[in-house]
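Here's the structure we're looking at; comments come further down.
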Amino acid sequence: MPGWASKPCIMGIDEAGRGPVLGPMVYLCALSEKIRLATLQFAEAKREELFESIKADETMGWYVDMIDPRELSAKMLKRNRESLNVISYDSVMGLIRRALDQGYNLSEVYVDTVGDAEKYQARLSQNFPGINFTVAKKADSRFPVVSAASIVAKVTRDRALKDWVMSEVGKDIGRSFGSGYPGDPDTKVWLQENKDPVFGFPSLVRFSWSTCTSFTAEGGVEVYWEADEDDDEMPKRKSRTVDVESSAALRHAYFRSRQLQQVTTRL
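Dropping the structure here:
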């Protein structure tokens, strides 16, 4: 922990990758001594250069929360679904707790809003009494500390996408996915070219996005689940045995990459 951390500190929080259908969502908090950061200015056009400058500056620090696309999909598609706003709130509060646990003397925190700014600010103030919170729209263009967080978050996500290692084994997945935003023509082409009719998309993709629903609806294999039938319509059978012989040569790459084996089940 730097020596200035015990002095009154200022924190700015912003995200990168909230809208894209591909890759992680990154939340990042930038930290600095309050008196220091008031003089800093940032320009979006020099993002990479400024990132290196911030990284080398010993009077600044940051924490990052990189939320994997699989985690986003799992939380947003589970039975008790979590909205993207809830996931964002949890990430922000986690970053604040992390800084406090590490001993930073937080006096002011500036956050780029998600949803209603007043309710968001009230919620943070209730959870962290003693800290002065400012939650506002376009906070990255109004407060230098949030500008710093925005720059580092964007560069962190850009580099994560550039170096992303596809977890799917045995599949030739291209990397020309464009910006990852649903409206990007390159992203649309990539999704179409890397769509599996049964399993959908590679794990880089956020399955919870409506873009994926429309893509899988076209040309996807319809799956029939007996459990979806009404009990009254279900055939009354005491038991059923399903025996399937394993044939690794014919099994889908999805199963091979995860080392999943076929078994005999008794229903």
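So the sequence shown is numbered by the UniProt record's numbering: it starts at 1 and just counts up by one.
For each residue, glycine too, the CB sits at the ideal point set by N, CA and C.
Since residue i is in the alpha helix (DSSP H), which residue starts that stretch and which ends it?
{"i": "Ser73", "result": "Pro69 to Leu77"}
{"i": "Tyr89", "result": "Leu84 to Asp101"}
{"i": "Arg142", "result": "Looking at the DSSP string, Arg142 is not in any alpha helix (DSSP H), and its letter there is neither H nor E."}
{"i": "Val189", "result": "Pro185 to Glu193"}
{"i": "Arg47", "result": "Arg47 to Ala56"}
At what residues does the beta strand (DSSP E) containing residue i begin and finish?
{"i": "Tyr27", "result": "Met25 to Glu33"}
{"i": "Ser107", "result": "Leu106 to Asp112"}
{"i": "Ala136", "result": "Asn132 to Ala136"}
Which of the three DSSP states, helix, strand or coil, is assigned to residue i?
{"i": "Asp172", "result": "coil"}
{"i": "Ser208", "result": "coil"}
{"i": "Gly12", "result": "strand"}
{"i": "Tyr63", "result": "strand"}
{"i": "Gly115", "result": "coil"}
Less than 8 Å between the CB atoms is what I'm expecting for residue i and residue j, so what's the real figure, rounded?
{"i": "Cys9", "j": "Leu106", "result": "5 Å"}
{"i": "residue 277", "j": "Val205", "result": "The shown model of the chain, from 1 to 267, leaves out residue 277, and the question about it has no answer."}
{"i": "Tyr110", "j": "Val146", "result": "5 Å"}
{"i": "Asn85", "j": "Glu108", "result": "About 23 Å; that fails the 8 Å criterion."}
Between the alpha carbons of residue i and residue j, how many angstroms are there, rounded?
{"i": "Tyr89", "j": "Val64", "result": "14 Å"}
{"i": "Ser53", "j": "Met11", "result": "18 Å"}
{"i": "Glu49", "j": "Val155", "result": "10 Å"}
{"i": "Ala153", "j": "Ala160", "result": "10 Å"}
{"i": "Ser32", "j": "Ser6", "result": "11 Å"}
{"i": "Arg175", "j": "Cys29", "result": "29 Å"}
{"i": "Ser83", "j": "Glu58", "result": "37 Å"}
{"i": "Arg98", "j": "Ser73", "result": "24 Å"}
{"i": "Tyr104", "j": "Asp158", "result": "28 Å"}
{"i": "Lys55", "j": "Gly61", "result": "8 Å"}
{"i": "Lys137", "j": "Asp186", "result": "30 Å"}
Mind checking whether the beta-carbon of residue i lies closer than 6 Å to any heavy atom of the ligand ATP?
{"i": "Tyr89", "result": "The ligand ATP is not part of this structure, which contains no ligands at all."}
Less than 7 Å separating the beta-carbons of residue i and residue j?
{"i": "Asp14", "j": "Asp140", "result": "yes"}
{"i": "Trp209", "j": "Val26", "result": "no"}
{"i": "Ile173", "j": "Pro202", "result": "yes"}
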